[in-house]
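Here's the structure we're looking at; comments come further down.
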Amino acid sequence: MNDLPEYFWDDLLDYIEADKVIPIIGPELVTVPAADGAIPLYRHVAERPAFSVVVASS
13 MNDLPEYFWD DLLDYIEADK VIPIIGPELV TVPAADGAIP LYRHVAERPA FSVVVASS
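FYI, this note's numbering numbers position 29 of the sequence shown as 41, with every residue one higher than the one before it.
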């Protein structure tokens, strides 16, 4: 990736700013605090108990 021209990175940043590109980052960069230290967000969400929503019928 280091061999990409500088204008590529400039254009990419412009596209991100204009909401034309969504940056994707790895799970190790998105963490939440936990009792045993920081854990990946996906683990935190997976370990949360499921909840149900009850909708009354009309």
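Glycine residues also receive a C-beta, built at the ideal position from the N, C-alpha and C atoms.
Quantities reported herein were computed from a predicted structural model and do not represent experimental measurements.
Whether residue i touches residue j by CB criterion (8 Å)
| i | j | result |
| --- | --- | --- |
| P39 | P52 | yes |
| V42 | A50 | no |
Backbone CA spacing between residue i and residue j [nearest angstrom]
| i | j | result |
| --- | --- | --- |
| P61 | Y54 | 13 Å |
| L16 | L25 | 14 Å |
| K5 | E18 | Shown here, the chain extends from 13 to 70; a query on residue 5 therefore has no answer. |
| A68 | I37 | 40 Å |
Anticipated Cβ contact below 8 Å, residue i with residue j, distance rounded
| i | j | result |
| --- | --- | --- |
| A46 | H56 | 7 Å |
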